[in-house]
Structures are given as structure tokens and as C-alpha cells.
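A.B. asks: My structure is below; once you've seen it, I'll send some questions.
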Amino acid sequence: MALGPELIAFILSAPLFGSVFAGAQSSIPSPNFDLKSLGSVAIGGDFDGLSLYSYSGQGETTSSTNGSQSLLRQLPNGAFQSLVMADASITAMCSLVQDGKLRGVVLGGNFTSIDDQPSAGIALWDPEKEQVTAIHGLNGKVNALYCDDSSGTVYVGGQFLAGNSTNAVSWDGNWVNLPFAGFNGPVHSIAKNSAGHIVFGGDFNALGNATVPHQRDGQVVNLGSGNITAKGSSSTAGFDDPSNIICKTASDDGSGNTWLLADNSPGWWQGNFSFGFNPTKLRLYNTQQPNRGTKEFYFQNLNSGGILKLDYVDEAGNEQSCSSACPLPQGNSSYQDFRFQPPVGMNGFRLQITAWYGDGAGLSGIEIFQDDIYSFAIDAFNEPRCDGVSSGSKSIVTPGSGLWNRTSNGGGTTSDYLSGFLTETSPNGTNTSVVFAPDIKQSGNYSVTVYTPGCMQDDSCPTRGEVNITCNLSATGESSSTTVSQTNNFDKYDQVFYGYVDAGSDSFKPTVTLMPQTDGAPITVVAQRVGFELMSTTAGLNGLYEFDPQNSLPDTNFTQSVTDKAGANLTLGALVEEVVAIGTDLFVLGNLSADGIANVMSVNSNGMGATAAGGLNSGIQAAYANGSIIYIGGNFSSTADQPTNGLASLAIYDTESRTWSPMGAGVQGRVSALVPLLLNLTGGTSEECLTVNGEFTSVNAFDGNAAFDAEGFAVWVPSKRNWLNNLGTNMSLRGRLCSSTKVPGREPLYAGQLKSENAYSGAVALAGSGHAQLSSIGAEIKSRQPSSRKRDMSSVSGVPGVNNGMFYGDNGANITVLGGSFSSKASDGSQIQNLIFINNTHGAVQKITGVQGLDDDATFESMDHYHSRLFAGGRVSGMVQGASVQGLVVYDLIEARFASPQPPPLAGDHVVVRAVAVQPNSPNVYVGGDFASAGALPCALLCYYDAQALQWRLPGRGLTGTILSMVWVSNNELAIAGDLSINGTTTTVVMYNAQQQSFSWYPGAADLPGPVSALIPASSARNDFWAAGTAKSNGSAFLVRHHNNAWTGVGGLGTGTTINGLQMLPLEDDHRDTALVPPGVVLLLTGNIHVPSFGNASAVIFNGTDYSPFILTSRADGSPGSMSRVFVANRAGGLNHVKGHLSLGLVVLIALAISLTLMFLLAVVGIMIERQRRRREGYVPMPPMGRDKGNNAVRRIPPERLLGGLGDHGEPPRI
């Protein structure tokens, strides 16, 4: 690409944004646009909400579809800044104060990493340094946190192991085991009552922790799946293979069953495995071969290289220990056991044989045992049937081939695992599953956990999703199911069951089945292993436990606590979701019941009590208290004892007046979280609102307020007793919140995914001089999905939403036209789509209308008007006034109907009109795109319609390809851009002369990297251009400026950029002059623009050196939106601030005029100087001569007297 001569040294290397990112929450100066010369300005696109980029920290954040969540804070303009990202949910937060100073904000959830650093379930955020610190030592999921300022301790509850505690623990900078060692089930809520005691609520019935099974060393490690090697083996056939001794005993001693070392030589036996294990016992069988045997050995852990200590019982029955010289008895017909002290995890070991009996060493059997009970997805890792000791475990993989692949752990996880990539056509349900069948030898209470390898090690994070886990662990046939997210960056495990598990028998085998959820296909599913841990319990609880921090020993006399007794009085199996302390009362909510109590009860010093109307008629999952008011969410529909209207999954309970009231009329679906949020709704002081989160689809109508769609999120405004959606504000909130916390001396923090924007969709008006403002275009737009018809992929046009627009103001009219692929609502309430008219003529009541007769999947991409007739083109087909139309329609804006007749339809394989441009001072309407003919006229690619003669005409010949953009640069010169060829020579920009009907190459355009899809004049002279398009080589976007007969490429945009439109915008105050953009204007890029060091923006300002985000957009699903084009009332207005180069003829005329003016001024000055000189020298004008009254005072001189002497050469002149 050629560079202009003055730009050879120009490189876009200046740091982007300057001081924009200088500090947290620093404000961004508003672009000082001067939009007066442009008239009305609007931008179309595919978005459902948008905001101006006003503060650093804002971003067009993509809402995660894999469960990841962010720690958020709200910026002064209402937008939310993502501080750090976790790879899963952040379900709980609290501010930890120690010694009167904020230590940090504790974050808890189901994540395995936060801010890209491993941190399982819990982390600490430092608001001062704005950084997160991992808290290691917990494995599992955190559901609840309570920060106790009085002790500087945070109490942690959930489904996890930490230290020697299960599901409950405390942390004060270090992990502190609670005296009661946790619970035998998950904790969901923690609160502090008026007595200063900590109350835990959840799904448990006992205090408990892990215990050792009665039958020790019950699981046999599968050594046969490893890589078995040896050194110093015998050369005797049948005795040289180290694998001979796996799963063998001394009774099998002999060829093929024994491994021998070479005579009188040391050696070693080694195993490396693709899974980890924690051995508790080693069993060795010495060889029975004559005059041979192993005398001494040592056991080496290959992971650490260390030699392990082993305990054993010698032949005399005495307990002994050994490390570097462990003995084996000679001629022992059975085995010798060695117990590891302590057990150490590994995935490889070596038996180093150092001494032997007789001619040499050998072994006839080896076994490794462990207490841990695992069932692996890879069946080769499962417990074998060996020596009659084990009955074996197994896995059943469906389908058996074609889907599941073994994935190497690569050292990043504990074992290899199975991975399957599912598409929408893949088998689902029971046709795609992994069944884990462990060897359970002892019935009892077990914690069952599913282990999930992290997605970073196999680069599957973008496609990870969720799986269903079904546990069949009872011989009676009872089962339970749960859902597990697999979006974790690093390894994690989830407790999927806690309760009684029957031991396996001939008639029953406990199983755990993993099945993918294919709703979000394509999806990657992984299956690794399931663990079973036997638990000890102290029964007597029922979902509630009161803990006195002053007691160092657990109080197992549960009758001494009013809270514990209240729980015990509930029906067994109570599930407590929320514990809320208000004054001296404790309100317990969940799925619980007792006589006169349904799902909510109060507890105080007098015991348990019912709420008004007995409570609610179904389960509660969320609660939030503000003063004496409790907001409640769940899956209920009314109070328990009497019908109460409007309580659809939401209710308000006033604890003082003991009354229930509705939140509007509730929602359609389940509510899972209620999270407070500060909002500024009036421009004054922010007020506390309540976000409602869950699996509901809509908000119900009430008191004259219509129902509205809500994808699991809505905002209740308590001061208005109404939903934010019904208040007529321009605020749009989308996403999901899981938790929040107040931070002393700082703004609150939130966790989830949330965007706050202006509630404008599809198109927005841009106004304001000096301070940019966004306002409604006057219609609500909903983008439609693009047509399934085959597309020309070289174009970036034709995206969903508003692709183009126009302001029509002739003859006093005030009509805004929008075209694209969208739906809207007309003033009469009917549905209209793809082409609409917003009429505000003469200040009358706004009227929105559309058109009828076109196909539903029509997409409009370009438009222009001749007088009052609108010419709109795109992927358009249908019937108008009984005639077929394709590619282009004509609509009379004044008469508000289709014009008659319509142009004959365009024809071709894939007809699309991408550019419509009316020739200045002419009725000729030029239409460009991808078509073969217009009516019967074979004018492929480009044709013009005579709006007076009402017929198509051929503009000329020789141009082929696809037109993507057109702009008139004079009354007769049309610049055409796209993927073009002139007489077989490819190029991207062509000049067309309408008078001569000829095409010519634009200089240097053939060297551009790809088709040009956006082209605009760069100056008022319209002899140079800005152009954007997509490179053919790699699909990347490019931006170029034609200046001084050369194209200059502009770098600095990130990968994934799409530029849909370009627009010059004038400024009130000049910026620094640059070689590319003059001081009085900036270039606005619209599309999906990736700005390095920032991210995506839908509109970006370029001042010649830097890119600055301007507008951020999003779609309803939380994904980033995009913008198509800017359209203005005065198309030349932005160029009046840009001076271009004058033509040579005009330059000559101006120079001549200046020269003549200077000559005249010099002559005048010379005369004045001469007159002044004469006056100084005394010159006096001669008085006039007198006249004879009868004769002339001056006599005539004959001509010959004057001229006669001219012919006398050589003589002096005569006078």
C-alpha cells in the first residue's frame, strides 16, 4: 500500500487514550462535537441498550454463557465496572474488619480461579490496592459467609473440606477449625443472633466429619493400567517381564507369573500411572523359585524422589519400621504387608531391590491398597478383581465409541479423563452418559463428590457447560439428581450427595450417572472420577445449629439451644435456605414445615413461632431484609392458610405489622436470589432497589401496568412500589446478580453479570454540541435474526437491526425512515417490520407506520430519495400493488403509500441492493449491489432508474463484481466501492462519469487489501476519501485514507474488528492537527470495533493519532451489540469543516485575480507618490488659457505636420 509523501514517517505508535486510564473511575471528557451543521443525527445498529463511554472502567463486557461472574462496582454514570472475573459464581460476600480496620472483602462461591489465579471457592479482595488474593486450603463450594466484626472472624459455610472441618469453618487470616468439625450436609446461610451466637442453616441433620472405614485398605489400586518397567531383569524367558507379578500371588509362582532379576545383581521394578492414588498398604509376594528371593528393598516415591517409611510385622509378630532396607522373608508362601507411614499421594513409584537370597532376587506378586474409594470414567483405572480381595469397580461409557476420547492430564490434573464434544445432532440423554459403579464395602453415611478437571489445560473453556448427575445409591431404588457446572478453569469437585449409601451386593450396585445438558450445544463434556467418603455423625439436628464462639468444645446437648430445638421440632428433612436476624427475632426460611408453620418461621427466646397466615405455600430460596421488612423469593403462589393474590414467587413480609403484601403481582417462574442495588432514578440521591434473579420468563401485570418479558432478571423500586420497567425511565439493566456487600467508607460491591445502559434499541439519536447526548429515535426496535438465505460473505452489511436510515424534511415534512431487519410497533398497535416511518411533521402527534406486502425476511440496506419518493433497497422481495418486487421498492413519503408503478424487479441468483444514490440535480437514481438485470435490461451490478421516465437505464459497460458503497463526489462523478473489476482488472474503488457513461480506476485502489464496504469523502472538495473494508488474506478489518494521490493505511485496531460505517463529525474546539485528520473534525467508526487496551466498542472516534471509545452497546442476551451507520439530515455538513484541495483551473483563476489586484494597488500607490513629489518641488498647475469669442484658443495641427517627419531618416526631428 502506497504512502503519501508527507506521511512516510508517520506511524500510529502514540499510546491510545492518553490519560484515559490514569486512575480508577476517572471521567472521560465528552467529545466536543458541533452537530448544528449536520441537522438531525442518528445511528442504527443491532443493540438493545447503549451508553456513552464516560468513565474508565466501562466496557462492552461480554456476558459469559459458561457461568463465569465478575466482581462489580458501579461508576458515577450508573455503568458497572468489572474488577475481577471468577470462572464460576460468586454467591457470597462480606467485608472483614479486624481491629477496626478493613482487612478486605471476602468472596465465596463455586469458582476455582479468580483473576486467572487458582483459588478454590474463596478469595480476598483488597479495595485499596484493587487486587485479589487467593485463600488456599479449601476444596469445594462456598454458599454463605458471615464476617463478625467483634472477633475479626469470617464464618464460612457451604459444601467443602477445609482443614479438619466439613462444610463449615472459620478464617481470620488463617484457617481455624470449628470445635464441632462441621456438618454432614451443606450450609446455605449464616447469621448472628441477638445473643451473639452464630447460627448455621442448611441441609444437615448432624455434626460430622470424615472417618476411617471399618475395613481398612479396602480399595485395590489398578497397577495393570500403568507403564511398568524394570532394570536388571533376568534374561530367562517367562521370567523377564515385570508385568508378570501384577495381580498375582505366590501360588501362581512360575513362568509367566514371576519376575526375576539377573543373577547376583540389584535392580528395580517401576510403575508410572495416568492417575493419582494415596496408598495405605503395599503387599509383596516373594518368589518361590529355588535358591532365589528378594531379601531387602526400599520404596521410592517418583513424584518427590523420596524414600518412604514403611511399618510391618516381622516373622516373630513384632511391629517394625523400615525405610532404606525393608526385609522380605525367604520362602514365605503367603505375602508380607507394609503400611505407609504416613500415606503420601503419588502417580509413580519404584521398588529398589538391594539384597537377595541365593542366586538372585525376584517377586511373584505385588498389590497396592488405599482407603479412598474412587470410580474412574476411564475403566482401565478402576479397581481390578485381584487375589479375591476386591470385587472390582467399573464404568460404563455410552456411546462406546465415536464420541468420548481419552484426554491426557498433562500434569495439570489428578488423572486422565474422558472428553466429548457434542453438537446439536449428537446423541443426548441416556444415549450420552458415563455411569460410575464403585466398590462400596461398608454401608453408611457418605459424602459423594464428582471431580471435574479444569478447562484451561485442554483449551475447552469456551464450550464447557453443565452436566446432570443422578445418584442411585440405595437398594430401595431411591435416587437424587443435581446439576454441576463444568466451566471451572482449574480442577474442582462438587458434593452431589450426602447421606446413606448401601454397600454393594450381588443384587445391588451403587451408581452415579453423568449426562450432559445439550441445551447449549455445541458443548464440551468431561468425565473424570467420583469419590465416596465415609462420614461420622452426631445426629439430632434438623437444618439449624447455634454455635457459641465462647465455647471451645462443641455442645452436643441440642436441647439447650432454642434454635436447635426449633429445628428439631420441624418435620425431618428440613432445608434451611435463609436465616435472617431482625432485632431479637430470627427468621428461618426454606423448605420446612411444622404444625401451623409452612416454609418460614420465627425463633426467639420464647421458642419457635409461625408468621401470619401460616407462611407460604411452597419453598423459599431467597430473602433480603431491610429494617423490619423481609423480601422473599421462591416458587410459591400464595400464603399457606388463606389465598393471597399477587404472591407469584415473590412476597413482602412486614415483621412489625405481621402482614403479607405482593411485589406487583410477582413473576412467572422461580426466584433464586434477591440482591439490593443502589440506583439514581431522579438525578438526586441514589436509593436502594432490589434486583430479582431467577429462572422466570416474565413479570406479571398489576394495577394497570402491563406484563413484560424478563429473562430471569427484574428490578423492584420500593419507593414507587413498582418495577423499574414500568417507571418510564431510560435506564436499562440486564444480567444477573448473585450477591452484594456494603464496604465501609466505599461504594458497595456486587457479584454477577450486570450492564446498566440507556434503554434504546436499534437506533438512537445523537444530539448536543460540546456535550454529546443520546436520545430516543421515537420507536422501539427489536432486531430480527438474519435470513437463512445464502449470503455474499464479502459484505459486512445486512446484519440484524437497523442498517440504514434517512431524515426527510422537504416541504415542511419531518419524517425519519429506518430500514434493516427488525420489528417494531406501529402507532395503531400493529406489528411492523424492516421498513418504518416516524412522522413528526408540523409538530403533530408522532405517528409510526410501516409497509405491507413484503416478505417477512426482507432486509433493507440502503436508501435515498428523489423529491418525496423513497428508494429503499436490500434483500427485498414480495408483492406490492399486485406486482412482484425484488431488490428495490419505491415509497411516497408524503402520501404514505407505495408509489405506483414500482420499478421492474431486479433479477439474479442472490439479488441484493447495497447502495442507492440519487444523482444531484437529476431524476436518476443509481442502484448498486449484486444482481444480473433490472427488468428486461441486462445491467448487472449497477443500473439507474429514471424517476421521471419511470424506467431502468444502462449506465455503461465494463464493470463487474459486487458493489458495497456509492457516493456522489460531484454532479456527474460517482465513486463506487466494493469487490470490483473493470474489463477484467480487479480493483476496490471505481470512478463513474455520468456524462460520458464511463468507468475509470481510482488511483491505488487495486492495491487495497480487500473489498471496500464503506467509503466517504474526506474533505469538502470530495477529491479524497476514507475507506474501510475486510482484507481477503486474513479477514481482518482495514482503514485507509486517500490523500495527495496515495492511500495511507491506519493501524491500531485489534483482531475481530468489523467496520460497518464511517462519518466525519465537526468539532467545536480543534484538536491537535494531524496528517490524517484536520483539527476541526474527527472520524467516527461504527461497527464492532476492538480497541487494544480497552476492548470492544460500537462507535469509536479517531482524531488522526488515537482511537477513543465513544458508544458501548449490548444485546438483550448480554452479548456486545454493534452499530451500522450514521445518518444525518445534512450530509455535507460534516465536510464544511474540512478544507480539501482546489482544482488546478480554480487555483489559476484565484492566482490571476490576486495578481491583478496587486498590480492595481501598486499603480495607485505610484500615482500618489508622484503627486506628493511634485507638490514638494513647487509644481503649480498652469492656469487655463483664455478663449476668443470668435476663434478657438487651440488651433488644429494638420496630421502631416505631426507625422510627416517620420519618413526623414538621418535628420533631426522638426518641431
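Under the numbering used here, residues 18 to 1232 are what the sequence shown spells out, in order.
All C-beta atoms in this analysis are idealised placements derived from N, C-alpha and C, irrespective of residue type, glycine included.
(1) Put Q577 into one of helix, strand or coil per three-state DSSP.
(2) Which residues bound the beta strand (DSSP E) around L178?
(3) Would you say the region 448-456 touches the region 539-554, given that touching needs at least three Cβ pairs under 8 Å?
(4) Quick check on the burial criterion: 16 or more other C-beta atoms within 10 angstroms. Buried or exposed for H859?
(5) Could you spell out where the beta strand (DSSP E) holding D602 opens and where it closes?
(6) Would you say G437 and V542 are within 8 Å of each other, going by their C-beta atoms?
(7) Report yes or no: do the region 319-326 and the region 349-364 share at least 3 C-beta pairs separated by less than 8 Å?
(8) Put L766 into one of helix, strand or coil per three-state DSSP.
(9) Give me the residue from L1169, T1174, R1132 and T676 with the minimum Cα distance to Q659.
(10) Return the CA-CA distance between F393 and L435, expressed in angstroms with no decimal places.
(11) Which one or two residues does DSSP pair with G818 in a beta bridge?
(12) According to DSSP, simplified to helix, strand and coil, what is D996?
(13) Taking the beta strand (DSSP E) that A208 belongs to, which residues open and close that run?
(14) Is the region 110-118 touching the region 771-788 in the sense that three or more CB pairs, one from each, lie closer than 8 Å?
(15) Near S1141, what residues of its chain come up, given a Cβ to Cβ distance below 8 Å and the 5 sequence neighbours on each side ignored?
(16) Can you tell me where the beta strand (DSSP E) with Q848 in it begins and where it stops?
(17) Looking at the secondary structure, which residues open and close the beta strand (DSSP E) in which Q337 lies?
(18) Can you name the residues that DSSP bridges to N489?
(19) From S805 to D132, what does the alpha carbon distance come to, in whole angstroms?
(20) Would you say F292 touches the ligand ZN, meaning its beta carbon is less than 7 Å from a heavy atom?
(21) How about S112 and T758: do their beta carbons lie closer than 8 Å?
(22) Given C706, which residues of its chain have a CB within under 6 Å of its CB, disregarding the five upstream and five downstream residues?
(23) Residue range of the beta strand (DSSP E) that P1028 falls in?
(24) Using the Cα positions of K265 and G377, report the straight-line distance between them to the nearest angstrom.
(25) S812 to S982, Cα distance in whole Å?
(26) Using a Cβ-Cβ cut-off of 7 Å (strictly less than) and excluding sequence neighbours within five positions of G826, which residues of its own chain qualify?
(27) Output the distance between the C-alpha atoms of H1059 and W1043, rounded to the nearest integer angstrom.
(28) Only counting the same chain, and skipping five residues up and downstream in sequence, which positions put a Cβ closer than 7 Å to that of D396?
(29) By how many angstroms is the C-alpha of R402 removed from the C-alpha of L531?
(30) With 16 as the cutoff for other CB atoms within 10 Å, does L976 come out buried or exposed?
(31) Can you pull the DSSP bridge partners for N244?
(32) If you count every other CB in all the chains shown that lies within 10 Å of the CB of Q503, and 16 or more means buried, which is it?
(33) Under 8 Å, do P1034 and G1046 count as touching if we go by C-beta distance?
(34) Within its chain, find whatever has a CB closer than 7 Å to the CB of W985; leave out the 5 residues flanking it on each side and keep chain order.
(35) List the whole-angstrom C-beta distance separating E400 from Q545, where the pair is believed to meet the contact cut-off of C-beta under 8 Å.
(36) Starting from M1140, trace the beta strand (DSSP E) both ways and give me its first and last residue.
C.D. replies: Taking the definition as stated:
(1) Here residue 577 corresponds to residue number 560 of the sequence shown, with the count starting at 1. In this structure, Q577 counts as helix in the three-state DSSP scheme.
(2) Counting from 1 along the sequence shown, the entry for residue 178 is found at position 161. First-last of the beta strand (DSSP E) with L178: T170 to A179.
(3) Yes, the region 448-456 touches the region 539-554.
(4) Position 842 of the sequence shown, counted from the start, is the residue given in the question as residue 859. The residue in question, H859, is exposed, as its Cβ has fewer than 16 Cβ neighbours within 10 Å.
(5) Translated into positions along the sequence shown, residue 602 becomes position 585. D602 -> beta strand (DSSP E) spans D602 to A611.
(6) Residue 437 sits at position 420 when you count from the first residue of the sequence shown. Residue 542 sits at position 525 when you count from the first residue of the sequence shown. Yes, the Cβ-Cβ distance between G437 and V542 is below 8 Å.
(7) yes
(8) As a first step, residue 766 is located in the sequence shown; it is residue number 749 there, counting from the start. In the structure shown, L766 sits in a strand (DSSP, three-state: E or B).
(9) Taking the sequence shown and counting its residues from 1, one reaches residue 659 at position 642. It is T676.
(10) Start at 1 with the first residue of the sequence shown, and residue 393 comes out as number 376. Start at 1 with the first residue of the sequence shown, and residue 435 comes out as number 418. Between F393 and L435, the C-alpha separation is close to 10 Å.
(11) As a first step, residue 818 must be located in the sequence shown, where it is residue number 801. G818 pairs with S838.
(12) In the sequence shown, the residue the question calls residue 996 occupies position 979. Looking at D996 - three-state DSSP - the assignment turns out to be strand.
(13) Here residue 208 refers to the residue found at position 191 when the sequence shown is read from its first residue. A208 -> beta strand (DSSP E) spans V204 to K209.
(14) No, they do not touch.
(15) Position 1124 of the sequence shown, counted from the start, is the residue given in the question as residue 1141. The answer, listed in chain order, is I60, G61, G62, D63, S814, V816, G818, V819, N820, N821, G837, N1077, G1078, T1103 and G1104.
(16) To locate residue 848, count along the sequence shown from 1; it is residue 831. From DSSP, the beta strand (DSSP E) with Q848 extends over Q848 to N856.
(17) Reading the sequence shown from its first residue, position 320 is the one you call residue 337. Run containing Q337: E336 to C339, per the beta strand (DSSP E) assignment.
(18) For this step, residue 489 is matched to residue 472 along the sequence shown. Answer is T528, bridged to N489.
(19) Numbered from 1 along the sequence shown, position 788 holds the residue referred to as residue 805. Numbered from 1 along the sequence shown, position 115 holds the residue referred to as residue 132. Legend: pLDDT at S805 = 37, less than 50; position of this residue unreliable, value from coordinates given subsequently. The straight-line gap from Cα to Cα measures roughly 39 Å.
(20) Of the ligands one can find in the structure shown there are none, so the ligand ZN has no counterpart to examine.
(21) As a first step, residue 112 is located in the sequence shown; it is residue number 95 there, counting from the start. As a first step, residue 758 is located in the sequence shown; it is residue number 741 there, counting from the start. Yes, the pair counts as a contact, with Cβ atoms nearer than the cut-off.
(22) The sequence position of residue 706 within the sequence shown is 689, counting from 1. Here the set comprises L694, L696, V732 and V734.
(23) Residue numbering aside, residue 1028 sits at position 1011 when the sequence shown is read from its first letter. Element bounds for P1028: n/a, residue is neither H nor E.
(24) Translated into positions along the sequence shown, residue 265 becomes position 248. Translated into positions along the sequence shown, residue 377 becomes position 360. The alpha-carbon atoms of K265 and G377 are separated by roughly 20 Å.
(25) Within the sequence shown, residue 812 is the residue found at index 795, counting from 1. Within the sequence shown, residue 982 is the residue found at index 965, counting from 1. Caution is warranted here: a pLDDT of 39 is assigned to S812, below 50, making its placement in the model unreliable, and no coordinate value can be reported.
(26) Indexing the sequence shown from 1 puts residue 826 at position 809. The residues are A1146.
(27) Walking along the sequence shown from the start, residue 1059 turns up at place 1042. Walking along the sequence shown from the start, residue 1043 turns up at place 1026. Their backbone Cα atoms lie some 6 Å apart in a straight line.
(28) Numbered from its first residue, the sequence shown carries residue 396 at position 379. If we look at D396 and ignore the five residues flanking it on each side, its Cβ neighbours are K411 and S412.
(29) Here residue 531 corresponds to residue number 514 of the sequence shown, with the count starting at 1. Here residue 402 corresponds to residue number 385 of the sequence shown, with the count starting at 1. Distance between the alpha carbons of L531 and R402 is about 24 Å.
(30) By 1-based counting over the sequence shown, the position of residue 976 is 959. Residue burial annotation: L976 is buried, with at least 16 other C-beta atoms found within 10 angstroms of its C-beta.
(31) The residue you call residue 244 lines up with position 227 of the sequence shown. Per DSSP, N289.
(32) Along the sequence shown, one-based indexing puts residue 503 at 486. So Q503 ends up on the buried side.
(33) Position 1017 of the sequence shown, counted from the start, is the residue given in the question as residue 1034. Position 1029 of the sequence shown, counted from the start, is the residue given in the question as residue 1046. No, Cβ-Cβ distance for P1034 and G1046 is not below 8 Å.
(34) For the purposes of this step, residue 985 is taken as residue 968 along the sequence shown, with counting starting at 1. Listed in chain order, the non-local C-beta contacts of W985 below 7 Å within the same chain comprise A934, Q936, P937 and L991, local neighbours out to five positions each way being set aside.
(35) The residue you call residue 400 lines up with position 383 of the sequence shown. The residue you call residue 545 lines up with position 528 of the sequence shown. Incorrect: roughly 16 Å between the Cβ atoms, too far for contact.
(36) Mapped onto the sequence shown, residue 1140 falls at position 1123. S1139 to V1145 is the extent of the beta strand (DSSP E) around M1140.
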